[in-house]
Amino acid sequence: MEEVDEIKTRVVGVDIRETKTTYAVVNIRGEILAQDHFRTSDYPEISSYVNALSEKILTIIEENGGYGSVRSVGISAPSANYLTGCIENAANMPWKGVIPLAAMLRDQLGLAVAVANDAHITALGEKAYGSAHGMKDFIVVSISHGGLGSCIFTNGLPHLGVNGFAGEVGHTCVEVEGRLCGCGRRGCLETYVSDKGLVKTAEEEIANSNEPTLLSELEDLSIATIASCCDKGDRVAIDTFRRVGTMLGVGLANYASVINPEAIILTGDMMIAGKWLLKPMRTAFDEHVFHNIRGRVRILVSILKEGERDVLGASALAWDVKEYSLFK
Ligand SMILES: [Zn+2]
89 MEEVDEIKTR
99 VVGVDIRETK
109 TTYAVVNIRG
119 EILAQDHFRT
129 SDYPEISSYV
139 NALSEKILTI
149 IEENGGYGSV
159 RSVGISAPSA
169 NYLTGCIENA
179 ANMPWKGVIP
189 LAAMLRDQLG
199 LAVAVANDAH
209 ITALGEKAYG
219 SAHGMKDFIV
229 VSISHGGLGS
239 CIFTNGLPHL
249 GVNGFAGEVG
259 HTCVEVEGRL
269 CGCGRRGCLE
279 TYVSDKGLVK
289 TAEEEIANSN
299 EPTLLSELED
309 LSIATIASCC
319 DKGDRVAIDT
329 FRRVGTMLGV
339 GLANYASVIN
349 PEAIILTGDM
359 MIAGKWLLKP
369 MRTAFDEHVF
379 HNIRGRVRIL
389 VSILKEGERD
399 VLGASALAWD
409 VKEYSLFK
């Protein structure tokens, strides 16, 4: 018998998206030792997807320290519920209904598996390795292709809500009778602050402006192309981000006034707009936040690399789950 038990120094982080699944072996210091990916859409059946994923995980861990060095697996997936271990009615994924992904994969791998939604995972990654390191009370808001997601941490723990759906600030109303949202209601923050919301605002600004604008010459209106027009001094492009940034500032001020966080950490594709988004956001935030909180909430942008954030976040989830090994 050994005098002391060995500690397992590696975990696997998996980021499942509509098009691509990325998986990585991450060590105890948050270093990605190996990473690979495959097309999610190649597996329209969940059972064949789980078979493929578990085979690929077993291969990558065999090549990087072996099965005995891996403690657990953390998974980021859209509409994944940490409390149930299931993907629950994900709108854009090939698998419909409620999928008990954590249990299915645990049975195949013989390792502890936890799942969480992308916003929860992003927040875990920021706490473990990023801008929220050392913080107990913070909010992470991610603005990217899918919309606006968020996760709240209080007293060092994620606040998930009784059903696991807390933090849906993207679906709080900022404009009564406003734009129609994918959730079926009107005026949600996400309909203004998201890539689609930005494009819609740009189209409105182009239609309402008498000034010539570079935006009307663009074939593809997107965060990157509109931001590059701002850099060239285009008034209509700058006004587009000013409106979107103002909406974001109002949404975040409401959020901060309820939660009283130490910091709000912003992530996602929208951050490439930089000052064009962040300056009007900050002005609106300071104007609308509760006066006793004003000046006391740090607003930060994620320092994690875009291609690594999600697998790192998933690996942070893996460290949080109770160790379990079927095959020693
Ligand atoms: Zn909505």
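With the sequence shown counted from 1, adding 88 to any position gets you our numbering. All C-beta atoms in this analysis are idealised placements derived from N, C-alpha and C, irrespective of residue type, glycine included. Keep in mind that this is a model prediction, so the values were computed, not measured.
Name the residue from the options whose alpha carbon lies nearest to the alpha carbon of residue i.
{"i": "Val229", "options": "Ala312, Ile391, Thr355 and Thr97", "result": "Thr355"}
{"i": "Val100", "options": "Arg194, Cys239 and Glu299", "result": "Arg194"}
{"i": "Ala344", "options": "Thr242, Leu365 and Ile311", "result": "Thr242"}
{"i": "Ser129", "options": "Glu293, Met181 and Pro188", "result": "Met181"}
{"i": "Leu336", "options": "Met359, Ser403 and Asp206", "result": "Met359"}
{"i": "Gly173", "options": "Leu277, Arg397 and Met192", "result": "Met192"}
{"i": "Ala112", "options": "Val138, Ser136, Glu90 and Ile145", "result": "Ile145"}
{"i": "Leu309", "options": "Ala325, Met369 and Ala372", "result": "Ala325"}
{"i": "His233", "options": "Ser316, Leu392 and Arg105", "result": "Arg105"}
{"i": "Glu396", "options": "Thr97, Ile95 and Gly118", "result": "Gly118"}
{"i": "Ala372", "options": "Gly401, Trp407 and Thr334", "result": "Thr334"}
{"i": "Asp206", "options": "Met223, Phe226, Tyr170 and His221", "result": "Tyr170"}
{"i": "Thr313", "options": "Leu268, Cys269, Ala406 and Ala361", "result": "Ala361"}
{"i": "Asp225", "options": "Gly185, Ser413, Arg384 and Glu411", "result": "Arg384"}
{"i": "His247", "options": "Asp103, Val338, Ile209 and Leu268", "result": "Ile209"}
{"i": "Lys367", "options": "Val338, Glu394, Asp357 and Val346", "result": "Val338"}
{"i": "Glu411", "options": "Ile148, Arg98 and Thr147", "result": "Arg98"}
{"i": "Trp407", "options": "Val346, Lys215, Asn177 and Thr107", "result": "Lys215"}
{"i": "Ile148", "options": "Ala190, Ser136, Phe126 and Trp364", "result": "Phe126"}
{"i": "Ala402", "options": "Val102, Glu91, Val92 and Glu90", "result": "Val102"}
{"i": "Arg370", "options": "Val409, Glu307, Phe329 and Asp357", "result": "Phe329"}
{"i": "Thr107", "options": "Tyr131, Asp93 and Cys269", "result": "Tyr131"}
Say whether chain D places a C-beta atom closer than 8 Å to the C-beta of residue i.
{"i": "Ile311", "result": "In the displayed structure, chain D is absent; only one protein chain is listed."}
Determine which residues share a DSSP beta bridge with residue i and list them.
{"i": "Leu268", "result": "Arg274"}
{"i": "Ile163", "result": "Val102 and Val203"}
{"i": "Gln123", "result": "Ala112"}
{"i": "Phe241", "result": "Phe226 and Pro246"}
{"i": "Gly154", "result": "Answer is none; Gly154 lacks a bridge partner."}
{"i": "Val389", "result": "Leu354"}
{"i": "Ser413", "result": "Leu199"}
{"i": "Asn298", "result": "In DSSP, Asn298 forms no bridge with anything."}
{"i": "Ile175", "result": "Ala168 and Ile187"}
{"i": "Ser232", "result": "Gly235"}
Report yes if the CB atom of residue i is closer than 8 Å to the CB atom of residue j, and no otherwise.
{"i": "Val264", "j": "Gly275", "result": "yes"}
{"i": "Gly255", "j": "Cys239", "result": "yes"}
{"i": "Arg386", "j": "Glu350", "result": "yes"}
{"i": "Gly213", "j": "Ala341", "result": "no"}
{"i": "Ser390", "j": "Ser219", "result": "yes"}
{"i": "Thr260", "j": "Leu245", "result": "no"}
{"i": "Val399", "j": "Thr110", "result": "yes"}
{"i": "Glu305", "j": "Asp327", "result": "no"}
{"i": "Tyr49", "j": "Leu388", "result": "Here the chain covers residues 89 to 416 and nothing more, so residue 49 does not appear."}
{"i": "Ala168", "j": "Ala140", "result": "no"}
{"i": "Thr289", "j": "Arg331", "result": "yes"}
{"i": "Trp183", "j": "Ile134", "result": "yes"}
{"i": "Ile352", "j": "Ile227", "result": "yes"}
{"i": "Gln196", "j": "Val114", "result": "no"}
{"i": "Gly237", "j": "Gly266", "result": "no"}
Ligand 1: which residues have Cβ under 7 Å from any of its heavy atoms, chain order? Gly258, His259, Cys269, Gly270, Cys271, Arg273, Cys276, Glu278 and Thr279
Whether or not the segment 241-254 and the segment 371-378 are in contact is what I'm after, with contact meaning three or more pairs of Cβ atoms, one per stretch, closer than 8 Å; do they touch? no
Mind the definition here: the segment 115-125 touches the segment 147-165 only if three or more C-beta pairs lie below 8 Å; say whether that holds. yes
Do the segment 183-202 and the segment 152-172 make contact, defined as three or more Cβ pairs closer than 8 Å? yes
Inspect the CB distances between the segment 296-307 and the segment 277-285 and report whether three or more fall short of 8 Å. no
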